[in-house]
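Asks:
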Amino acid sequence: VLVGLQKAPQLIGKTGSVAGPVDGATGRCPVLLADNSVKSLKPDNLRKVLTGAVVRLKGLQAAPELNGQLAECGQLDLTTERYNVTLADGKDSLKKVKEANLEVA
Numbered sequence: 001v002l003v004g005l006q007k008a009p010q011l012i013g014k015t016g017s018v019a020g021p022v023d024g025a026t027g028r029c030p031v032l033l034a035d036n037s038v039k040s041l042k043p044d045n046l047r048k049v050l051t052g053a054v055v056r057l058k059g060l061q062a063a064p065e066l067n068g069q070l071a072e073c074g075q076l077d078l079t080t081e082r083y084n085v086t087l088a089d090g091k092d093s094l095k096k097v098k099e100a101n102l103e104v105a
């Protein structure tokens, strides 16, 4: 996910894949966006996301009974900094969880 782009705010929240190494001269790396365009971005403007990963919930204080449960990680809401996760509880319960409370299973 692209973040913190001051000169191209229209790209914030877009997703892409790093397509090559960081260029030593510019400090930027090529990023292939979903629309097949390539942008040269600083690593500080990239955020790894867990979307699609199987995760285990941990450290939840408001709902400690969910700690240890497995879930599938959905989209990251950049406004709230929480992932939509679908619990593997047989009911497909949906919860919004901070990244700090998730670990890749």
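Under my numbering, think of the first position of the sequence shown as 1, with each following residue one higher.
In this text, a Cβ means the ideal position worked out from N, Cα and C, and glycines have one as well.
Owing to the predicted nature of the structure, the values given are computational and were not obtained by experimental measurement.
Alpha carbon to alpha carbon, what distance is there between V1 and K14?
Replies: Taking the first residue of the sequence shown as position 1, residue 14 is located at position 14. Taking the first residue of the sequence shown as position 1, residue 1 is located at position 1. Their backbone Cα atoms lie some 6 Å apart in a straight line.
Asks: Could you check the C-alpha separation between G20 and V3 for me, to the nearest Å?
Replies: Here residue 20 is taken as the residue at index 20 of the sequence shown, counted from 1. Here residue 3 is taken as the residue at index 3 of the sequence shown, counted from 1. Roughly 19 Å between the two C-alpha positions.
Asks: Could you check whether L50 and C73 sit closer than 7 Å to each other, using their CB atoms as the reference points?
Replies: Residue 73 sits at position 73 when you count from the first residue of the sequence shown. Residue 50 sits at position 50 when you count from the first residue of the sequence shown. The answer is yes: Cβ separation under 7 Å.
Asks: By the three-class DSSP mapping on this structure, what secondary structure does A100 have?
Replies: Reading the sequence shown from its first residue, position 100 is the one you call residue 100. Correct three-state label for A100: helix.
Asks: Between the alpha carbons of G27 and N45, how many angstroms are there, rounded?
Replies: In the sequence shown, the residue the question calls residue 27 occupies position 27. In the sequence shown, the residue the question calls residue 45 occupies position 45. In a straight line, the C-alpha of G27 is about 12 Å away from that of N45.
Asks: If you count every other CB in all the chains shown that lies within 10 Å of the CB of L94, and 16 or more means buried, which is it?
Replies: Here residue 94 refers to the residue found at position 94 when the sequence shown is read from its first residue. So L94 counts as exposed.
Asks: Where does P21 fall in DSSP's three states?
Replies: Residue mapping note: residue 21 aligns to position 21 of the sequence shown, counting from 1. If DSSP states are grouped into helix, strand and coil, P21 belongs with coil.
Asks: For T86, write down the residues that DSSP places opposite it in a beta bridge.
Replies: Residue 86 sits at position 86 when you count from the first residue of the sequence shown. BP columns for T86 point to E72 and L94.
Asks: What span of residues does the beta strand (DSSP E) with P9 cover, start to end?
Replies: Against the sequence shown, residue 9 aligns to sequence position 9. Unbroken run through P9: none, as it is neither H nor E.
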